[in-house]
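Accompanying notes for the structure given below.
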Amino acid sequence: MKILILSRGYKLYSTQSLYFAGQKKGHDIQIIDYLECNIVIEEGKPQVFWRGSPLRQIDAIIPRIGSSQTDYGAAIIRQFEMMGVFSALSAQALLCARSKLWSMQLLSNAEVGIPKTVFTNITQDIQPAIDEVGIPMIIKLLKGTHGLGVILSASRNNAEAVIEAFHRLKERVLLQEFIAESSGKDIRAFVVNGEVVGAMKRIAKAGEFRSNLHRGGHSIHIKLTEKEKETAIRAVNLMGLKVAGVDMLQSERGPLVLEVNPSPGLEGIESTTKVDIAGKIIAFIESSYQPNSKI
Ligand SMILES: Nc1ncnc2c1ncn2[C@@H]1O[C@H](COP(=O)(O)OP(=O)(O)OP(=O)(O)O)[C@@H](O)[C@H]1O
Ligand SMILES: [Mg+2]
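Heads up: the sequence shown begins at 1056 in my numbering, then just goes up one per residue.
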């Protein structure tokens, strides 16, 4: 098959791992920076140009879209979809998973476990929102990542002051129930084509409640319970994802989904579980392959 990996960094571990997994299976596989792609829109003839030339005869794409480039990445994926090219990540699923609000609404509506979460508007009185969530609470920057912008607030006064400060900076935040029993830990389930193919637990360094590896945490290989597996798969299916990393907290009332990552990194999960996740992604693409009727 002719497969394109859409990635900004050909040297990144995940990109390399997918590239070599594809090569090993004998595919014609290429890495392309999606920001170097142009969309050409013409009546009845959708095309993607890369560095000035049209991309033709592509069987499948594996999008690896950074969170700061979600919109452009989704537009490129959508164009490939219109060309009849199979994508391991649909444009719609990418946009859904990248919107914390949209994802939480979908999960809540389907009765998938989530920590109680309040989205606030910058102009409104914050007291009722604080009462709704309770203290201690987690305050999260909507655009945070790697644990940066996740704050544990232990008093009403402090919560109010932090929220006010973010509002002043015009940063949107969400307020979330603090799951005390899972403080300093979370789990990641890696799902490929409706199946959990590997899972790990991330454990924070001493004195830290955020378990991100970037914040000094470490990871161990774990086996999920049936309920955890089912929760991860339901979350992924609701968003229409085929390859995803589901982050969950282990709470007294069962697994609670924090986030579903549509371009999950492979390094942590492959090194922790020793599972060839990239190989599983390539196998999923092979199993989904149907000749493109539009080319
Ligand atoms: N509601 C919560 N209760 C307890 N601990 C939490 C809660 N939310 C987050 N944490 C801890 O803080 C860490 C970081 O939070 P989260 O994963 O939501 O943000 P992030 O890692 O910065 O963002 P992203 O995962 O979107 O890149 C989690 O891994 C978890 O250990
Ligand atoms: Mg996280």
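Beta carbons are placed, not taken as given, at the ideal position from N, Cα and C, and that holds for glycine. Note that the structure is a prediction, hence the values are computed from the model and not measured.
Residue i versus residue j - alpha carbon distance
i	j	result
threonine 1070	phenylalanine 1141	18 Å
isoleucine 1116	isoleucine 1190	45 Å
glutamate 1281	glycine 1334	24 Å
glycine 1319	glycine 1262	Here residue 1319 is proline; the residue named in the question, glycine, does not match the sequence. If you take the alpha carbons of proline 1319 and glycine 1262, they lie about 27 Å apart.
asparagine 1212	isoleucine 1234	20 Å
leucine 1321	glutamate 1250	16 Å
glycine 1128	valine 1095	15 Å
histidine 1222	tyrosine 1074	43 Å
methionine 1294	leucine 1161	8 Å
leucine 1197	phenylalanine 1339	32 Å
leucine 1067	alanine 1148	23 Å
glycine 1239	lysine 1195	16 Å
aspartate 1083	lysine 1057	5 Å
serine 1306	leucine 1313	12 Å
isoleucine 1185	glycine 1139	48 Å
valine 1173	proline 1346	45 Å
isoleucine 1181	glutamate 1219	8 Å
leucine 1144	proline 1118	6 Å
histidine 1201	histidine 1269	6 Å
leucine 1150	aspartate 1126	8 Å
arginine 1308	lysine 1155	22 Å
glutamate 1325	glutamate 1341	20 Å
glutamate 1188	valine 1228	In the sequence as presented, glutamate is not what sits at residue 1188; that position holds valine. Taking the straight line from one Cα to the other gives about 13 Å.
alanine 1244	isoleucine 1336	15 Å
threonine 1175	lysine 1225	12 Å
glycine 1081	isoleucine 1332	17 Å
Residue i, enclosing alpha helix (DSSP H) - first and last residue
i	result
isoleucine 1288	1281–1294
glutamine 1147	1146–1153
leucine 1073	1068–1079
arginine 1133	1125–1137
serine 1326	1322–1328
Secondary structure of residue i, DSSP reduced to three states
i	result
arginine 1243	strand
glutamate 1088	For clarity, residue 1088 is aspartate in the given sequence; the question names glutamate instead. DSSP places aspartate 1088 in coil when its eight states are reduced to three.
serine 1163	helix
histidine 1276	strand
leucine 1203	strand
serine 1208	strand
leucine 1059	strand
leucine 1156	helix
glutamate 1097	coil
alanine 1143	coil
alanine 1261	coil
Element boundaries [beta strand (DSSP E), containing residue i]
i	result
asparagine 1213	Note, asparagine 1213: premise wrong, no beta strand (DSSP E); alpha helix (DSSP H) at 1211–1223.
aspartate 1302	1298–1306
lysine 1335	Taken as a continuous stretch (DSSP letters only), lysine 1335 belongs to no beta strand (DSSP E), being part of the alpha helix (DSSP H) at 1332–1343.
glutamine 1102	1102–1105
proline 1183	Careful: proline 1183 lies outside any beta strand (DSSP E), inside the alpha helix (DSSP H) at 1182–1188.
arginine 1257	1250–1258
glutamine 1231	1228–1232
threonine 1200	1192–1200
leucine 1110	Here leucine 1110 belongs to no beta strand (DSSP E), and DSSP marks it neither H nor E.
alanine 1314	At residue 1314 the sequence reads glutamate, which differs from the alanine that was named. Per DSSP, glutamate 1314 belongs to the beta strand (DSSP E) from 1309–1316.
threonine 1172	1172–1174
alanine 1115	1115–1118
Proximity test, Cβ basis, 8 Å: residue i and chain D
i	result
serine 1108	Given the protein chain composition of this structure (a single chain), no chain D is represented.
Whether residue i touches residue j by CB criterion (8 Å)
i	j	result
valine 1330	valine 1291	no
proline 1317	alanine 1076	no
methionine 1192	alanine 1216	no
isoleucine 1258	serine 1266	yes
isoleucine 1242	glutamate 1283	yes
leucine 1110	tyrosine 1089	no
alanine 1165	valine 1246	no
leucine 1059	isoleucine 1132	no
* Report yes or no: do three or more beta-carbon pairs, one from the segment 1199–1207 and one from the segment 1157–1176, lie closer than 8 Å? => Contact fails: fewer than three Cβ-Cβ distances are below 8 Å.
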